[in-house]
Structure formats: structure tokens, C-alpha cells
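Q: Note that our numbering has the sequence shown beginning at 291, numbered continuously upward.
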Amino acid sequence: MNFFRGVMGGQAAGPQPSGAETIQKLCDRVASSTLLEDRRDAVRALKSLSKKYRMEVGTQAMDHLINILQTDRSDSEILGYALDTLYNLICNDEEEEQDAVTHIPVSGKRKNVSAPDETAQKQADDLGAQFTEMFIQDPEHVTLLLTLLEDFDFHVRWPGVKLLTALLKNQGVQLQGIILVSPMGVSRLMDLLADSREVIRNDGLLLLQQLTKSNAAIQKIVAFENAFERLLDIITEEGSSDGGIVVEDCLLLLLNLLKNNSSNQNFFKEGSYIQRMKPWFEVGDDNSGWSAQKVTNLHLMLQLVRVMVSPVNSPGATASCQRSMYQCGLLQQLCTILMATGVPADILTETINTVSEVIRGSQINQDYFASVNAPSNPPRPAIVVLLMSMVNERQPFVLRCAVLYCFQCFLYKNQKGQGEIVATLLPSTIDANSISAGQLLCGGLFSADSLSNWCAAVALAHALQDNLTQKEQLLRVQLATSLGKPPVSLLQQCTNILSQGSKVQTRVGLLMLLCTWINNCPIAVTHFLHNQENVPFLTAQISENLGEDERLVQGLCALLLGICIYYNDNSLENYTKEKLKQLIEKRIGKENFVEKLGFITKHELYSRAAQKPQPVFPSPEQMLFDHEFTKLVKELEGVITKAVHKSSEEEKKEEEVKKTLEQHDNIVTQYKELIREQDAQIQELKEQVSTMSAQNEQMQTSLTQQLSQIQQHKDQYNILKLKLGKDNHSQSNSQGDGSQMNGLQMEEVTQLRAELEELRMQHTLLQTQLGDKDTLINSLRSEPSKTAEGSAAESDNSELLKELEALRSQVQSQSAEINQMRTEREELLRRAEAASSEAAPCSDSSLDAQKMAELESRLAAQTNETERLKAEAKSLSQSRLELEQQLASATSTVAILQTEKAKLQTEVQESKKEQDDLLMLLADQDQKIHSLKQKLKDLGETVDDEDDLDTRDQTDDDYEEDEDED
């Protein structure tokens, strides 16, 4: 123990060993010591030296520490020391590196050393990466670490979480691959969120943040391990936006899981987790004194909403999330924050961006946003309040960009909103007492601030995007420039400012507005060319050799002139397509024109603006391109180049092709209508076919039932036929035997004996058949009894019918009596009324009342009797119907039986005739047998008498019976 006291800083005699020697001795003690206490003390000493002598401990003790993790798993204390030591070796945190580069002598006294420079920090980072590589060379080490995390002991679990987090920071991709293939690897890490000890749960959040970075497979597994439910519960427990750093960690992990992961986004939406985000944005009336942590939390919450409705997501998923946010009230809550007072500027800016993407392309959300009013006196629409901030040069630049993005998203695929904005500029709708969106845009368009000019021009261009009607309506807008001068159109005023040579940003904004305005609008092109100064100005701008800053303006002028050529309807003689192309060829040159047109796409800011819809610029001076305008340039650059190079003959051919295509389209439209009509007819026919198929199935069912009944009748008929067929077969056999006897040869005595035996057997068979025939005749004789029963049923039915008729006559008589009593009652009532009107004596009225009561009682009794008789008649009618059915069935049965009886009687007569014939045949055979016997006697053969034959037959019969019994 003296050795450990020396290592841990105790006073010892003699020279002190160096750090490397001490570490070597400790490693030997860890490897060779048999006592657990000695190994534990050695690992604790290595932990204390791991910060100062990081290189030495890492290179010499790494394998021994891993071996401790494998062999001493029963002791949590030594496991904790080993994990802490490994963490100190691999971790690259700043404060840890501060301790690592600070010199600590063995005596324990600390010297003051300055903070590490960048070189030392880089070396420390490289050292941590090297040790991480050493640790993960064998994937089993990571699997071992995951297994140790299942230990609930705090001294093992917490260092294990920290160590795995440090490994992920240094070699994230390799660790993600190992954990992904490890059985239950992600599930073990998810269990950390359920730990009741907050320090482990919070470090588990940091671990999952590192684990889910840029790995979609792990993100899906974590999401399906119920991560959303657990994280949202933690956020709620910690106080939502008012919570601390734990809420921030949960939000960062949610962002990792949802960003650019469509599967998790769909799972989040389908799990109704969007609805649980609404309480996050509930702010009170007093919004002063927001803490920095609350600002950070709310900023991350807004980013989480934006991830769900980002324009880079699939349109279907974005629309579904937008609909859910409106239905659960999340959009309404965001608009409340938008119009609230005292909200910090960065939160307000992010809220505007979030609302922008929630309403982008969603008609119902855009309509709701248009109805939101600011809490001012008088109330103003939220759009107007936001536009006031956009054109105000004193507002922060990022806020003005956010308002522009919000206005663009409000008008995106919203023709109704575009019409409302343009309508505020028309003369018939201008209200002098209120500020409208159109007035603010015009004010910003012609103000002295170039950024306001650009923002207003882009906003107005979005009000015209893909909307031919509003482009034509905007041509009606007239502006009053000064007193005493006639008003000029908005189009003319834009070209006037353009020609005055203002700032580059202002001219770029105006040129983008004009290009969007006249694009695909021949009427606007005609109005633009009608001003005689516009075309010379454009050609002069394009043909001049200006500096780098003016190249973009030259390219936009070339684009504007190219649109005038491509969408020219040749209504102006001086500026037809052909004349404009000739002008370009003479003044500019076609190649030079195309080169200037290409300046737009070659500009460095063009590609940045084309990446995403949100206008994000580092400084106001770089705010030159709009995202939607880059799409327009990409669409028009090629067609304008072709239009400039085309000759008049090619244009004529193209016009002819266009006419042909229009005719073809008309024909196709006619065929489409015809196909729709035929589809409707086919649908009707399908319905008819389905109805007829159902009817056919019913008929098939009934037919099957009838066929089964017919088959039953056939079976019954076949049974009777088989019974008669047996008799006929026996008779045919006897006739065949008789014919054989006629051909008998008298000289073959042996053959005669065999034939005699056969004849005797046939005789016995015929007698058996005669007995069967007698039985059948007796059964047929019993048939008339059944007919008698049918007649008895008929008699019973006739008696019931007579009884039913009597009951009917009785009911009729009682009904007549009831009608008579009702007539008497009405007469008495009439007399009573007349007597009361004439003030008759009271005695007469009392008599009438008694008589009335008596009649009513009789009437009630008769009514009850009538009801009883009606019920009885009803039951009798039902029994009558049943008897009629029975009678009908009995009658049909009798008819069938009579038919069968007639057939059987006929067959019986035929059988009797056949029996008579058989008896005559038997008599003849007896005579022949007798004559044959006589001949045999004459020939000297011995012939048995009939008695002997009978005795022999009896013996043979007994023998056959015994065999049958065996």
C-alpha cells in the first residue's frame, strides 16, 4: 500500500519515479494482481493520472482497462473507474483539455499555466481520435459497452453514457454502423430516456443527438421506439418554452429525427403529435423580460414547425401538415404571437418565417391569414401591418426579408389573394381614409430607399405571377405624379424611373417586375412598346460596354426586349417581331445580344437565389435575385435565343404549326367530350348489366331449386321402374331357357341331366317372382285407402268453409245492428241538443241520459263482440288458407297417386298375362320332362322319381343354407 500512497500523492522516502514508470507499474498491477482490491486501487490511480499523462495512460493501459470491463463485471466500483479513465482518454472537451495541458507534479502542487493555444487543441483532438480508433478496432468493445449500459448502477451507467457520447463525437459514422448492426443496440440507448435519474436521462439525450446525426436508418429506429412520445412528455414536464437546457436538448433531438426524413415526418403527423405542439406557443399579455433560454427554446420550436412544412418536402406531405396545423389551432396561435407586443425581434422574425411556410400554397390557411387583423385602433389587416414594416428602412434587415417571404408565400398559388392585392391599386377601390396594401407597395416602389424599391417590386411581381387577368388589370392603374400634370400609368412610371439611372438594386427590381408583368401577356407587351422611348432605351443599354456592376442590368434589359419579341402579336406596325429582330441585328448584333442575355445566369448571386424560396442574404447590397424570377429566366432564356435567330419563313412555319396544333387540340377536345359521353353511357350499361346479373343469379337459384325437385321426382320414378324391371328380367330369362330346351339333342344324355337341373332352378326362381308380384298387387290395393283419406280431408275442408261462411254472416248481421245503434245514438244526441236549447224539463233529459248510457254500453258490448268475432274470423280465414293449401297438396298427391295407380294396374294386368303364359309354359315343360324321362327309361337309364328329386332338392337347400350361415 505504500506504493499506492506514493502514487496518490503521499510522502515517501527516496527518489520519486517518473510518470511513465508509475503508469507501467500500475498497468502491471492491474494485469497481474489477484486481489480485486489491488486491481481497483490501481485503476483508481490510473484514472487520477489519465488527464495529466493522457498519452502514456492511453497507450499503455487501454487494453488492460478493456480487459477489466470484460472480467470484473461483478464489481461496479472498478467498472466505474475504468469507464471514467477511458472517458478521460477519448474526450476532447475544452475544460478537460485545459486540465490535460496543465502541469501537475507528483507532489500534488499545481502550477499556473496559460490556456492552450489552437495547436495544442488540435493535437488533443487528434489524440482523442486516435484513442477512439484503438477502442473501436474490435466492434465487440462497443457491444460490451452497450451491454454495460443495461446495468442500473449509477457508477456504471453514467460513465458508460459519457464514454459512448465521446466516441460518437470523434468517430460518429463508424460507431453508428456498429450500433446499427448490434442486436437491440438502439433499444438499449432508448431506455436511458426512461431513467428516473435526471443526470443520466439528460446525458442520454446528448448521446441520442450524436447517434441520430445524418443517419436516416437510426432515425427511423429511434422514432419507432416511441421517441416522439417520450420527448414530448419530457418537454411538458420541464415546462415547455419556459423550461431549461433539457427542453433545448429534446428539441434538438426532435429536429435530428424529423429534418429531411419523410418517413418520420409522416409518423409524427399520423401520431397526432402536431396537436401537442400548440401549447408551446401560448404566450401571455406581459411579454417583457424573456430569458435567453426561453428565446432559444421558442426559436427551436418554431424551427420544428418549419421542418414539417418545409418547401423541400413532398407537396402532399406538406399540404397534409398545413391542414393539420390549421385544424388544431396552431396557425391561429402563431398569428397571435405575430400580432403580440413585446416579443423579441429574433422570435418575431422566426415566427413570420414559420407562418409563411405554414400558409404557402394552402388556400384555407391563406384565407385565414388574410382575415387576421392587428390589435390597433382602427383594426388593420395583418398583411398591411407587415408591409408597413417591409417598406420602412428603419426596421432590421432580417425582419424585412421575413415580411417579404411572408407576402410571397401568401400569394403563392393564390389567385384570390393576388386579385385582392391588385384591386387595392385600381381607381374604383381606393379608399382615401385608410392605408391599403397597394398604396404601401407603390410607396415603397418609388421611395428613395433602394431596398424598399426592390422589395416592393418583387412583392408586386408575385401579385402577377402566372395570373393573366391581374396583369391586364394592373394596366389600368394610374398614378398622379405632381399637381397640374396628367396622371401616368404604373407601367409608364416604372419605365420612367428606370430611364433616370437610379441605383443598380432599384433598376434590377423594376426590370424583374416588368419582365414578370409582360411575360405571356401580349396586351402588356403592346402597352410597353407603345411608348416610343422604351425600345431605344433598351437597345442603348444592351449595346453599351459598361462595367461589371452594370452587366446584370444589361442582361435583364436583353431579357425584357426578348420577351417583347417572343410575345409580340404584331399589332404595332413599327415594332413587329421582324422589325425588332432587324433592330437587334443592326444596333446590337445577335451574338452580342445572346451573350448579354447570358449575363443573368452567370451572376454569382443567381445560383444562390435559385436554391430555395426564402430570401436569405448576408447583406442588403446582395439582395438582387428572387427565387421565382430565376425560374422565369430558366424558362425564357432558351426560347428567346431561338426566337432571335429565327427567320421570318421559320416563324410563318411555326405559326402554321401552331394553327395546326390548335386545330388538333380542338379535335382532341371534341374526342375527349365524346369519350366522356361514351364513358357515361358505359357506366349506365354497367349498372344495367350488374342489375341483370343480379336478376340472372336469382333466376339461376330458382332454376337450381326446380332442377333439384325434378331430380327427386326422377329418382322416385327410377325406383318404381327398377322394381318392375326385375320382374321383366326374370320373365325374359325363363323364355330364353325354354328356347334352349327346344334345341335339345335327344342322344346327349349327360347334357339332358344338366339341363334338367337348370330347369328346376328356373322353376324355383319363377315361383319367387310370382310371390313378389302378389306382394306388389296387395300394396296397390291399399292405394284406394289413401284416396279415401284425401276425400275425407276434402269433406273436412268443406265443413270448415261452411262454418267460415256462417261466421261471416253473423259478423255482417252484428255490423248492421251496430250501425243501427249508432244511428239511434246520433238521433238521441240530436234530440238532447234540441231539448237543451228549448229548456226542456230535467226529467226528460235524465231519461234521455239514461237511455244514452244504456245504448253506449250496448254499443261497447257489441263492439267488443265484433272485435272478438273479427279475430275469430281472421284465425278461421288463416286456418282456411292452411287447409286450402293442404287440400291443394292433397289433391295433387291424389292425382299423382291415381296416375301411378293406373300405370301399376296396367302393369299388373300385363304381369297376370305373363304369369298365365308362364304357367302354360311350365305345363308344357312338365310334359316334355315326363316324355324325356320315359325315353330315358326306354333307353335303359335310371331315372329318379319326383319324390326322390324333392328329397334331394331339400337336402341341397339345407346344404346351401349351412354354407350361407358359415
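All C-beta atoms, glycine included, are put in the ideal place defined by N, C-alpha and C. Predicted model only: the values in this text are computed from it and were never measured.
(1) Between the Cα of L624 and those of V645, A635, T714 and C618, spot the shortest distance and give me the residue it belongs to.
(2) Hey, would you say F919 sits closer than 8 Å to R841, going by beta carbons?
(3) Under three-state DSSP, which class holds S308?
(4) In terms of residues, what are the limits of the alpha helix (DSSP H) holding Q499?
(5) At the level of alpha carbons, what is the spacing between D1216 and L1012?
(6) Among V675, C540 and C732, whose alpha-carbon lies nearest the alpha-carbon of R520?
(7) Measure from the alpha carbon of V748 to the alpha carbon of each residue in I524, Y702 and P665, then state which is nearest.
(8) Would Q593 and N546 be called neighbours here (beta carbons separated by less than 8 Å)?
(9) Can you tell me whether N460 is buried or exposed, with buried defined as 16 or more other CB within 10 angstroms of its CB?
(10) What would DSSP say about A1130, mapped onto helix, strand or coil?
(11) The alpha helix (DSSP H) spanning I853 covers which residue range?
(12) Among residues of its own chain, excluding the 5 on either side of A660, which ones have a beta-carbon nearer than 8 Å to its beta-carbon?
(13) Starting from D264 and walking both ways along the alpha helix (DSSP H), at which residues does that stretch end?
(14) List the whole-angstrom C-beta distance separating C854 from V815, where the pair is believed to meet the contact cut-off of C-beta under 8 Å.
(15) Using DSSP's beta-bridge definition, name the partner residues of V778.
(16) Closest to L819 by CA distance: which of T771, L870, V794 and E952 is it?
(17) Which residues share a DSSP beta bridge with R670?
(18) Taking the C-alpha atoms as reference points, what is the distance between Q844 and L543?
(19) Tell me the start and end of each unbroken alpha helix (DSSP H) in the segment 317–345 that is at least 4 residues and wholly inside, in chain order.
(20) Return yes when the Cβ of R329 is within less than 8 Å of the Cβ of D362, no when it is not.
(21) Ordered along the chain, which non-local residues of its own chain (more than five positions away) have a Cβ less than 6 Å from that of S531?
(22) If you reduce the DSSP assignment to three classes, tell me which class T866 lands in.
(23) Determine the closest residue to A635 out of P686, E1231, N821 and I524, with distance taken between C-alpha atoms.
(24) According to DSSP, simplified to helix, strand and coil, what is N603?
(25) Quick test of your reading: S366 and V489, contact by CB under 8 Å. State the CB separation rounded to the nearest angstrom.
(26) Hey, quick one: how far does the alpha helix (DSSP H) through E763 stretch, first residue to last?
(27) Quick one: complete alpha helix (DSSP H) runs, 4+ long, within the segment 872–958?
(28) With 16 other CB atoms within 10 Å as the buried threshold, where does H354 fall?
(29) What do you get for G837, buried or exposed, if any count of 16 or more other CB atoms within 10 angstroms of its CB means buried?
(30) Just to check my reading of the structure: L479 and R491 have Cβ atoms closer than 8 Å, yes? What is that Cβ distance to the nearest angstrom?
(31) Hey, S779 and L765 are a contact pair by Cβ (cut 8 Å); roughly how many whole angstroms apart?
(32) To which residues of the same chain is A332 closer than 6 Å at the C-beta, ignoring the five residues directly before and after it?
(33) Measure the alpha-carbon distance for C902 versus Q656 and round it to whole angstroms.
(34) Cβ of V675 within 8 Å of Cβ of A692?
(35) Look up R684 in the DSSP assignment and say whether it is helix, strand or coil.
A: Put simply:
(1) The candidate whose alpha carbon is nearest that of L624 is V645.
(2) Not in contact: F919 and R841 (Cβ atoms no closer than 8 Å).
(3) Coil, per DSSP.
(4) Annotation: the continuous alpha helix (DSSP H) that includes Q499 extends over E488 to L501.
(5) Just so you know, the alpha carbons of D1216 and L1012 end up roughly 31 Å apart.
(6) When each option's Cα is compared against that of R520, the closest is C540.
(7) The shortest C-alpha separation from V748 is found at Y702.
(8) For Q593 and N546, no; Cβs fall outside 8 Å.
(9) With 16 or more other Cβ atoms within 10 Å, it is buried.
(10) Per-residue confidence for A1130 stands at a pLDDT of 41, beneath the threshold of 50, marking its modelled position as unreliable; the derived number appears in the next sentence. In this structure, A1130 counts as coil in the three-state DSSP scheme.
(11) According to the DSSP assignment, I853 belongs to the alpha helix (DSSP H) that extends over E838 to Y856.
(12) The answer, listed in chain order, is P671, I673, F700, G707 and E710.
(13) Outside the displayed range of the chain (291 to 1256) lies residue 264, so it cannot be described from this structure.
(14) With 8 Å as the limit, C854 and V815 qualify as a contact, their Cβ atoms being about 5 Å apart.
(15) Paired residue(s): L769.
(16) Cα-wise, what sits closest to L819 is L870.
(17) Secondary-structure assignment with DSSP links R670 through a beta bridge to A664.
(18) Roughly 49 Å separates the two Cα atoms.
(19) With a minimum length of 4 residues, the continuous alpha helix (DSSP H) runs that stay inside the segment 317–345 are 326–339.
(20) Closer than 8 Å, so yes.
(21) Only W570, K584, N587 and L588 meet the Cβ criterion.
(22) Coil, per DSSP.
(23) Check the Cα spacing between A635 and each of P686, E1231, N821 and I524: the tightest is with P686.
(24) Three-state DSSP puts N603 in coil, outside helix and strand.
(25) Not a contact, Cβ separation roughly 17 Å.
(26) Reading the sequence as shown, one finds Gln at residue 763 and not Glu. Counting along the chain, the alpha helix (DSSP H) containing Q763 begins and ends at L758 to L764.
(27) The alpha helix (DSSP H) runs of length 4 or more contained entirely in the segment 872–958 are, from start to end of the chain, 880–887, 889–892, 894–899 and 917–935.
(28) Residue burial is scored here from C-beta neighbours: H354 has at least 16 other C-beta atoms within 10 angstroms and is therefore classed as buried.
(29) With fewer than 16 other Cβ atoms within 10 Å, it is exposed.
(30) Between L479 and R491 the beta-carbon gap is near 12 Å, outside 8 Å, which marks them as no contact.
(31) Confirmed, Cβ separation roughly 7 Å.
(32) L316, R319 and V320.
(33) Just to set this straight, residue 902 is Lys in the shown sequence, not Cys. Their Cα atoms are separated by approximately 20 Å.
(34) In this structure, A692 does not lie closer than 8 Å to V675 by Cβ.
(35) In the three-state reduction of the DSSP assignment, R684 falls in the coil class.
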